[in-house]
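K.L.:
Quick one: the structure is below, questions incoming.
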Amino acid sequence: STDASPWVPESREVDELEAAAQDCRGCELWEPATQVVFSTGGPGARIMLVGEQPGDQEDLAGEPFVGPAGRVLDEALVAAGIDREATYLTNAVKHFRFTERGRRRIHQKPDVRHVTACHPWLQAELAGVEPAVVVALGATAARAVLGRTVKIGEARGHLLEEPGHVVVVTTHPSAVLRLRGEDGYDEAFGALVDDLRLAAPYA
Ligand code: URA
Ligand code: SF4
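Here the UniProt record's numbering is used: the first residue of the sequence shown is 2, the next is one more, and so on.
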């Protein structure tokens, strides 16, 4: 098999999913990574936030969005009036993909095949958490959540009705972070906050 499904248990309890994911060999990304980075947040959360994949710091900590992009996300959640503790935070791909340059580990975007391989975990999380709204952070997350390719610029700013929940597509906090110190930062941050505000009433 070329996906995670052989490792996904019958249970839809998030704790049991997370425990089982430690052994996942659904694609090759498990091997160089430190550990699987599954999710944080309660199974009762009404808002699910989906990122792309763990970064360097997340790989080391074993928790999503604890690095620089996570701090941008935290600020945006505060500005949108969403309590991070009330969200379920996960990623489309659950192992860090990187190349090594000396001692540095350089983030590499996951390929579509990695997103596909990891999708059974996201499906199981959706079934277990049953969020009212799913926020897809960036194009990779949007593809994983919607099962189709969307342009962020066209999809953002709308509530997309999907079976079982609504979806809000927005930019990835890393894309906002890259603009820090530049003219476009405030606008990009503000647009992320506006998209999160669409999701806030569902909390
Ligand atoms: N970027 C992501 O998409 N997810 C993380 O967990 C961290 C950075
Ligand atoms: Fe399994 Fe996903 Fe990790 Fe690949 S990235 S090994 S599918 S958990």
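The beta-carbon is built from N, C-alpha and C at its ideal position, and this holds for glycine as well.
Could you tell me the boundaries of the beta strand (DSSP E) in which Val136 lies?
P.N.:
Its beta strand (DSSP E) spans residues Val134 to Leu138.
K.L.:
Can you find at least 3 beta carbon pairs, one from the segment 14 to 23 and one from the segment 102 to 116, that sit closer than 8 Å?
P.N.:
Flag = no, the segment 14 to 23 and the segment 102 to 116 do not touch.
K.L.:
What residue range is occupied by the uninterrupted beta strand (DSSP E) comprising Thr171?
P.N.:
That run of the beta strand (DSSP E) goes His166 to Thr171.
K.L.:
For the putative contact between His96 and Ala34, defined by C-beta atoms under 8 Å, what is the C-beta separation to the nearest angstrom?
P.N.:
Right, the Cβ-Cβ distance comes to about 4 Å (below 8 Å), so this counts as a contact.
K.L.:
Can you check whether the CB of Pro69 is closer than 8 Å to the CB of Leu180?
P.N.:
Going by C-beta atoms, Leu180 is not nearer than 8 Å to Pro69.
K.L.:
Report whether the distance from the Cβ of Gln54 to the nearest heavy atom of the ligand URA is below 7 Å.
P.N.:
Indeed, a heavy atom of the ligand URA lies less than 7 Å from the Cβ.
K.L.:
Locate the beta strand (DSSP E) running through Thr117, then write down its first and last residues.
P.N.:
No beta strand (DSSP E) contains Thr117, which is instead part of the alpha helix (DSSP H) from Val113 to Val130.
K.L.:
How would you call Asp196, buried or exposed, if buried means at least 16 neighbouring beta carbons within 10 angstroms?
P.N.:
Buried: at least 16 other Cβ atoms inside 10 Å.
K.L.:
Sort Glu86, Arg47, Glu32 and Val67 by Cα distance to Phe99 and report the nearest one.
P.N.:
It is Glu32.
K.L.:
Go through its chain and collect everything with a Cβ distance to Ala46's Cβ below 7 Å, but skip five positions before and after it.
P.N.:
Within the same chain, Ala46 has close Cβ partners Ala87, Thr88, Tyr89, Val130 and Pro132.
K.L.:
Run the Cβ filter for me: residues under 7 Å from any heavy atom of the ligand SF4, listed in the order they occur in the chain.
P.N.:
Result (chain order): Asp4, Ala5, Trp8, Ala22, Cys25, Arg26, Gly27, Cys28, Leu30, Trp31, Val37, Val94, Lys95, His96, His115, Ala118, Cys119 and Trp122.
K.L.:
How is the beta strand (DSSP E) around Tyr89 delimited, first residue to last?
P.N.:
Taken as a continuous stretch (DSSP letters only), the beta strand (DSSP E) holding Tyr89 covers Thr88 to Asn92.
K.L.:
Can you name, in chain order, every residue of its own chain whose Cβ lies under 8 Å from the Cβ of Pro202, other than the five neighbours on each side?
P.N.:
Closer than 8 Å at the Cβ level, and outside the excluded window around Pro202, lies no residue.
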